[in-house]
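S.K.:
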Amino acid sequence: MIRVQAEDFDPGAEIDRFTQGNTKVGGICMFLGLVRDFADNADVHGMTLEHYPGMTEKQLEAIEVEARRRWPLEDALIIHRYGRLDPGARIVLVATASAHREAAFQSCHFLIDWLKTRAPFWKIEHTMDGDQWVAAKDSDDTAATRWDEVPNGDSGC
Amino acid sequence: MKVLYFAWLRTKAGTGEEDLAPPAEVNTVAALVGWLKGRSAGLADAFADMALIRVAVNQDYVGLDHPVKTGDEVAFFPPVTGG
Numbered sequence: 005m006i007r008v009q010a011e012d013f014d015p016g017a018e019i020d021r022f023t024q025g026n027t028k029v030g031g032i033c034m035f036l037g038l039v040r041d042f043a044d045n046a047d048v049h050g051m052t053l054e055h056y057p058g059m060t061e062k063q064l065e066a067i068e069v070e071a072r073r074r075w076p077l078e079d080a081l082i083i084h085r086y087g088r089l090d091p092g093a094r095i096v097l098v099a100t101a102s103a104h105r106e107a108a109f110q111s112c113h114f115l116i117d118w119l120k121t122r123a124p125f126w127k128i129e130h131t132m133d134g135d136q137w138v139a140a141k142d143s144d145d146t147a148a149t150r151w152d153e154v155p156n157g158d159s160g161c
Numbered sequence: 149m150k151v152l153y154f155a156w157l158r159t160k161a162g163t164g165e166e167d168l169a170p171p172a173e174v175n176t177v178a179a180l181v182g183w184l185k186g187r188s189a190g191l192a193d194a195f196a197d198m199a200l201i202r203v204a205v206n207q208d209y210v211g212l213d214h215p216v217k218t219g220d221e222v223a224f225f226p227p228v229t230g231g
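From first to last, the protein sequence lines are chains A and B.
Counting in our numbering, the first sequence runs from 5 upward without gaps.
Counting in our numbering, the second sequence runs from 149 upward without gaps.
(1) Taking T176/B as the reference, give the member of A192/B, E221/B, T159/B, G230/B with the closest Cα.
(2) For a cutoff of 7 Å on Cβ pairs, would you count G37/A as touching chain B?
(3) Distance check for V174/B and R72/A, CA to CA, integer angstroms please.
(4) Mind checking whether W118/A and A148/A have CB atoms under 7 Å apart?
(5) Kindly indicate if chain A contains any beta-carbon less than 7 Å away from that of T163/B.
(6) If E54/A sits next to F154/B, beta carbons under 8 Å apart, how far is it from one beta carbon to the other, in whole angstroms?
(7) Please report how far the alpha carbon of L157/B lies from the alpha carbon of G25/A, in whole angstroms.
(8) Just confirm the distance between the C-beta atoms of A107/A and W75/A, as a whole number of angstroms; I'd bet it's less than 8 Å.
(9) Looking at chain A, is there any beta carbon in it that lies within less than 7 Å of the beta carbon of F154/B?
(10) What's the gap between the Cα of R187/B and the Cα of R7/A?
(11) Closest to R21/A by C-alpha separation, out of M59/A, I32/A, P124/A, would be which residue?
(12) On the criterion of 16 or more Cβ atoms from any shown chain inside 10 Å, does H84/A qualify as buried, or is it exposed?
(13) What would DSSP say about S188/B, mapped onto helix, strand or coil?
(14) Please identify, using Cβ separations under 8 Å, the residues of the stretch 104 to 125 of chain A that lie next to chain B, in order along the chain.
(15) Identify every run of the alpha helix (DSSP H) within the stretch 85 to 127 of chain A, keeping only runs that are complete inside it and at least 4 residues long; order them along the chain.
(16) So, helix, strand or coil for F224/B, using DSSP?
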């Protein structure tokens, strides 16, 4: 499931709801992304996330489909916020549920890595020196390339 | 054709969205970029370095040689920084 929203979310409540009633789930892996209060050059006192309505949902759905193709998942959840966010605020939640932990861990890692290089969001940081668009990091591209090879989805553990 | 700009491209373009009717020979993304650059100094500046720009046609990522036609939604934006 994909949700793109301005409002905050409660990670505990989301996880409780996520697999409620599905007793095939043996494990859930969750990544929770927060707003950091430091940048390369200046103190960040907040940021605003812009996105491309329509394409954001389309790309996130495609990323979820790819995760489900690669790993035996019972469910997957991506929540991404947009708008003005203060340091410490929750930005993104990715959760995956599977019978076994390896698929849950790997697919969660995959989803956040691909999301960071494909979902059309842009951060502008509000700093003491003014507003600055955040530049994309080569390290994010490198992180995403680790998933270029399709792993064996049957690893049972 | 709907043309969208995001992040610093929107700032440089001076708008986030335009409804445009480029001439018939503008039938690829590259040709559209060339045509847009002639429309204003801001757009010429925005498109000065295409290595910094990603393109989507109808909400899918495409390359500069991808065709464009009447009715398409074409979006230009910098590399993404979500998550």
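C-beta: ideal position from N, C-alpha, C; glycine also.
M.R.: The answer reads as follows:
(1) Position 28 of the second sequence, counted from the start, is the residue given in the question as residue 176/B. Among A192/B, E221/B, T159/B, G230/B, the Cα nearest to that of T176/B belongs to E221/B.
(2) As a first step, residue 37/A is located in the first sequence; it is residue number 33 there, counting from the start. Yes - at least one Cβ of chain B is within 7 Å of the one on G37/A.
(3) Translated into the one-based positions of the first sequence, residue 72/A becomes position 68. Translated into the one-based positions of the second sequence, residue 174/B becomes position 26. Their Cα atoms are separated by approximately 39 Å.
(4) Taking the first residue of the first sequence as position 1, residue 118/A is located at position 114. Taking the first residue of the first sequence as position 1, residue 148/A is located at position 144. With contacts defined by Cβ atoms closer than 7 Å, W118/A and A148/A form a contacting pair.
(5) Within the second sequence, the letter at position 15 stands for residue 163/B. No, no contact with chain A.
(6) Within the first sequence, numbered from 1, the residue matching residue 54/A stands at position 50. Within the second sequence, numbered from 1, the residue matching residue 154/B stands at position 6. Correct: roughly 6 Å between the Cβ atoms.
(7) In the second sequence, residue 157/B corresponds to position 9, counting from 1. In the first sequence, residue 25/A corresponds to position 21, counting from 1. The straight-line gap from Cα to Cα measures roughly 46 Å.
(8) Along the first sequence, read from residue 1 onward, the residue named residue 107/A stands at position 103. Along the first sequence, read from residue 1 onward, the residue named residue 75/A stands at position 71. So it is a contact: roughly 4 Å between Cβ atoms.
(9) Here residue 154/B refers to the residue found at position 6 when the second sequence is read from its first residue. By this cut-off, F154/B is an interface position.
(10) Against the second sequence, residue 187/B aligns to sequence position 39. Against the first sequence, residue 7/A aligns to sequence position 3. Approximately 37 Å, taken between the alpha carbons.
(11) Against the first sequence, residue 21/A aligns to sequence position 17. Closest by alpha carbon: I32/A.
(12) As a working mapping, residue 84/A is identified with position 80 in the first sequence. With 16 or more other Cβ atoms within 10 Å, it is buried.
(13) By 1-based counting over the second sequence, the position of residue 188/B is 40. Correct three-state label for S188/B: coil.
(14) I116, L119, K120, T121, R122, A123, P124, F125
(15) Runs of the alpha helix (DSSP H) lying entirely within the stretch 85 to 127 of chain A, each at least 4 residues long, are 105 to 122 in chain order.
(16) Residue numbering aside, residue 224/B sits at position 76 when the second sequence is read from its first letter. Strand at F224/B.
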